[in-house]
Every structure is written in structure tokens, then in C-alpha cells.
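In terms of our numbering, the sequence shown is residues 1062 to 1338.
Each remark here refers to the structure printed beneath this line.
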Amino acid sequence: MIKTAEFQTLIMSRSVEFGVYLKDKEGEGEVLLPKKQVPEGLKVGDEIEVFVYKDSNDRLIATVNKPFVTLHKVARLKVSQVTKIGAFLDWGLEKDLFLPFAQQTYRVKEGDEILVSVYIDKSERVAATMKIYPYLENATDIKAEDVVEGTVYEISDNFGAFVAIDDKYQGLIPKRELYGDVEVGKKIHARVISVREDGKVNLSIRKKSYLQIESDAEKLIEIIKSYDGVLPFTDKASPEVIKRETGMSKNEFKKAVGNLYKNRVIEITENNKIRLI
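Structure follows, in C-alpha cells:
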């Protein structure tokens, strides 16, 4: 059986003016390899490795060129065009890869580089999707405390931020670890908290506790300076206010304030303000 969107070894069955036809080893079906793609000396009965996809007329076609991504694999591709029906991606072949609007996790624009996988749609056409969760692999060579790079590809209100580590492995920043400016499509560096038995990786974009407190304390000093040296609220403010003004959770803010107070960098005024000493 000839497979779409995959590399496979086929056998030359016959020659025509505009190329050669290839069949699989069981002799089921044929696909055209255009004349300009035919290697010199190829003859009937010879085997050749090709990639099969649909051309602009929706006909199966073989090529010896290698696309940047194959069926159910994940790769970073560049958006070459955005139209009324969706986007088209450069995947290394003559015909661009179609990315429907329904398969976009955010609206892309021309020139963007995005993570996608390849699937076969209901009409048996090759297409791209940004919903890559099912196509990422479980980690085999990552361990706790490693620092990894990844791309945020989805954010869930219930679970946190899903990350494609090295554009390949399943990673998650749990909701409790989310802070700051984390957006879909953004590249991040994160610390591995743990690797589950199934190979999925839990991540944190925060440093170890004692290092993070120092980092947050330094950040808080700069925030207080931006308020001319007097912050108009303390850790008794609502979590929403603290998050909006500092990017920290209430607990993180409280620890940073405690660090600065202990080191006599700030004082708490009677009217519930924080002042640099």
C-alpha cells in the first residue's frame, strides 16, 4: 500500500513521457514520479526511496526531495502566506503545506516560525496542525534539575502551560509554577522539577527557592524605585493587586518583602506602605 506523507521504498513499474510510475512491493496502486525527479539510470524493477503527497490538483505525487517534516512528526516551519482559508507553510516541497484556521492555536502571520505536526484530514489531504500534544514524544534523556529550552504551545486554565521541550518532548509548567509573561508561541528556559514514569516532564520557570527569593527581592527593589521609593501597598494587599503590580504571587511577594526587611533594605510604614531605607 502506498502511504501518504511518509518516506517509503517503491519499485519502478513503467516509464511514460512525463516521468515514471512507481508501485509498492505488493503491486497495489501506482504513483507518478515526475520526469525532472527521476534519477539517471533508473529502470523497471529498481527500488527508490520517495516521499508521497498530493500536488496542487489533489493527485498523489512522489518526490525524491525531503520535506522538513513527515506524518505525525513535529517541526518548526515558516509561514509563507496567509489567506482567507488558512495559512500555508514552507515544508521544503514545491507545494506549500496547508494549515487550516481550525488547526491554529493562535492566529499566525507571514514570516512566523511555528511548531506544527502533519496529519491526514477527512478528505485524505495532507495538512498541518498546531495542536501538537498527541505527536510529542516522552523524554528519555532528561533528568531532574536539568535546564531545558522549549516552546509554549498551549495554556490550560486547569493544568498550566504545555511546553514542547527541544521541539520534541512533552513538558508541562504546572499552574502553581506559572508566573510572569508566559504566552503561546514563546520560547522559554525552564528547570526540570521531575520526570514522571511515563516520560512526561514537569517544569518550573522559577529558580530554586533560596535563589528565587533573592531574585524576587532584587526585582522588588526596582519596582519600589519606580514608585519613587515608596510602594503604596504591603503583603496585606489582595493577591490580584500584588500579581498585577509585581508579577509575583502573594506568597512570593511576601518572601521577597521578608528578605528585604530582614536585611534592613526597606521599612514598613504605619499607613501600610513599603519604603526603601
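Where is the CB? At the ideal position from N, CA and C, for every residue including glycine.
Quantities reported herein were computed from a predicted structural model and do not represent experimental measurements.
Sixteen is the threshold: since fewer than 16 other Cβ atoms of the shown chains lie within 10 Å of the Cβ of Phe1068, the residue is exposed. With a beta-carbon spacing of about 20 Å, Val1092 and Val1130 fall beyond the 8 Å limit used to define contacts. Excluding the 5 residues flanking it on each side, Ala1136 has same chain C-beta neighbours closer than 6 Å at Phe1129, Val1130, in chain order.
Judged by DSSP secondary structure, Thr1190 falls within the beta strand (DSSP E) whose first and last residues are 1187 to 1190. By the Cβ criterion, the region 1234 to 1249 is in contact with the region 1214 to 1226, since at least three pairs of Cβ atoms, one from each stretch, lie closer than 8 Å.
Rounded to the nearest whole angstrom, the CA to CA distance from Ser1265 to Glu1313 is 14 Å. Of the other Cβ atoms in all chains shown, fewer than 16 fall within 10 Å of the Cβ of Gln1142; this residue is therefore exposed.
Looking at the backbone, the Cα of Phe1149 and that of Gly1232 are separated by about 27 Å.
In this structure, DSSP gives Thr1295 a state outside helix and strand, which the three-state scheme calls coil. Taking the Cα positions, Tyr1167 is about 21 Å away from Tyr1230. Assignment of beta-bridge partners to Gln1142 by DSSP yields Phe1149.
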